[in-house]
Amino acid sequence: MSLKAGSIAPAQDRRVRRTRGALMRAAIALVAERGTSAVPISDLATAADVSRQVVYQQFGDRDTLLLEAALDLARRELLLRIEDISPSWDKGGRALAAMRHFAEHRPFYRAMLTSSIGFALNKALSELLMPVNRQLVRRFYGDRLDPRTADDLAMFLTGGGAAFVNAWLVEGDDPLDPEEFTERLIRMMHVLLEHKEQDR
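Start counting the sequence shown at 1; every next residue gets the next number (UniProt numbering).
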C-alpha cells in the first residue's frame, strides 16, 4: 500500500494545530488560575495531555509558549472585537471592546505583564495594535500630516496607551471597570487632539 505525501501533510498540520492550541489554552488557564507565569513545563504538558517533549518540540521553551498563547488570545478575541466595531474614535466603541477584553482576562495579562517576558509581550501587543492607531491618525488628520509624522504619532499613541492600560491592569482596583476606564481614555484623546477640533 502506498501513501501520497499530500494525503498525510494536512492531517499532520491539523494535529500540530490541535496540539499547539491545547498547549496555548492550557497556558492561559494555568497562568490565570495561579496568578503567575512561573508554571512548570510539566504542568502545562499535563493540562494539555501531551508530553514535555512535545512542548519543547512545538515551542522550544516555556516563555515562547506563554508569549505565543498571549498573542493568540489577542488575535482571536481582542482584534476580532475591535474589527467588528465602527472605527469612530470619539464614540469609544473599539476602546471599550478592548478594555472589556483585558478586564475579562486580567489575571492572565497581569501575571504576564509583571513577569520576565512582560517587555516582550508589551512590544508584541503594541505591534498588533499599531495598525488601529495608524487608522485613527489617518481618519482624524487625513493627509495633513506627512507619513513620518503620522507614523510617529501612531507610535506615540500606541506606547502611551499601552503604559496607561498596563497600569490599570496591574494596579487598578478589583474588579476593573472597563466603562469608567474607557471614559478616561476618551477624555485623554479629546485633550490630546483638542487643538485639531478648534481648527475645524
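A virtual CB, placed ideally from N, CA and C, is assigned to each residue, including glycine. If you're wondering where the values come from, they're calculated on a predicted model, not measured in any experiment.
Residue interval of the alpha helix (DSSP H) (run including residue i)
i: A111; result: 106–113
i: T64; result: 62–73
i: D43; result: 41–48
i: R52; result: 52–59
i: L121; result: 118–141
i: R81; result: 80–83
Inter-residue Cα distance where the pair is residue i and residue j
i: G160; j: L66; result: 24 Å
i: H164; j: V39; result: What sits at residue 164 in the sequence shown is Phe, not His. Going by the C-alpha atoms only, they are around 27 Å apart.
i: S51; j: L73; result: 23 Å
i: M61; j: L96; result: According to the sequence displayed, residue 61 carries Asp and not Met. Rounded to the nearest angstrom, the two C-alpha atoms are 34 Å apart.
i: A22; j: V191; result: 44 Å
i: I41; j: A150; result: 43 Å
i: A32; j: V132; result: 27 Å
i: T114; j: A69; result: 16 Å
i: P107; j: R76; result: 18 Å
i: L44; j: Q58; result: 13 Å
i: P178; j: T36; result: 23 Å
i: R25; j: D143; result: 43 Å
i: A47; j: R18; result: 14 Å
i: D49; j: R184; result: 43 Å
i: E83; j: I28; result: 23 Å
i: M99; j: F181; result: 8 Å
i: M130; j: P147; result: 14 Å
Backbone secondary structure at residue i - three-state DSSP
i: P175; result: coil
i: T36; result: coil
i: R14; result: helix
i: L185; result: helix
i: H190; result: helix
i: D146; result: coil
i: G161; result: helix
i: G93; result: helix
Burial state of residue i, where buried means 16 or more other Cβ atoms lie within 10 Å
i: F156; result: exposed
i: R110; result: buried
i: residue 211; result: Beyond the ends of the chain as shown, which are 1 and 200, falls residue 211; an answer cannot be given.
i: F119; result: exposed
i: A167; result: exposed
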